[in-house]
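Only one structure is covered here, and it is reproduced in the block below.
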Amino acid sequence: MGMSEQIMFFVTSIFKGITINKKMRLDHESLRHPETRILSSLEYDPTIMTTRNTWYVYFLRCNDNSLYAGITTDINRRLHQHNHTKLGAKYTRAKRPVTLAFIETASDKSTASKREYQLRKLTKIKKEQLVSTYLAK
């Protein structure tokens with residue numbers, strides 16, 4: 417095979433912690449990049465892309481009994497950020513520790529953002545009802 421020939425591969429690229437599976441045409445030069453791993457067509461798993469891109473809408477219970485709504489793709493990382501780092505929301509930094517009070521999945525970021533907006537607009541009583549039904553499960 418000549419150096420200028422291109423080959424069709426299934427490629428998993430890891431960029432900023434996000435895994436993307438796609439069919440890609442590569443030449444020999446692009447095969448040298450360490451962030452690219454070649455997969456045979458038998459190893460190709462399209463579910464990796466969907467499971468990594470699941471979004472979550474959540475409520476956190478703050479130490480003053482208030483509720484904070486947010487979205488994320490990794491709830492454990494986000495909860496850690498809210499409790500221990502400057503990456504948590506400014507609102508929750510002053511009200512630590514926070515605990516997870518409610519969580520639901522969304523198919524994409526847009527859906528998660530719209531649902532978060534709906535949840536934020538609920539009254540305190542309706543939010544508490546939602547949290548109590550979630551905790552009862």
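First residue of the sequence shown: 417, per the numbering used here; consecutive thereafter. Note that the Cβ used here is the ideal one computed from N, Cα and C, for glycine as well.
DSSP, reduced to helix, strand and coil, places A505 outside both helices and strands of the structure shown, so it counts as coil. Following the DSSP letters along the chain, one finds A552 in no beta strand (DSSP E) but inside the alpha helix (DSSP H) bounded by residues K540 to A552. Burial check for H496: the Cβ neighbour count within 10 Å stays below 16, so the residue is exposed. If you ignore the 5 residues before and after D480, its C-beta comes within less than 7 Å of the C-beta of K511, all in its own chain and listed in chain order. In this structure, V514 sits near T508, with a CB-CB distance shorter than 7 Å.
By DSSP's assignment, T489 forms no beta bridge with any residue.
The continuous beta strand (DSSP E) containing T521 extends over residues T515 to A522.
Here Y474 is buried, its C-beta having at least 16 other C-beta atoms within 10 Å. Within the same chain, and ignoring the five residues on either side of I491 in sequence, the residues whose Cβ sits closer than 8 Å to its Cβ are Y472, Y474, L516 and I519. DSSP, reduced to helix, strand and coil, places R477 within a strand of the structure shown. Distance from E532 to I487 at the Cβ level is roughly 5 Å; contact confirmed, criterion being Cβ atoms closer than 8 Å.
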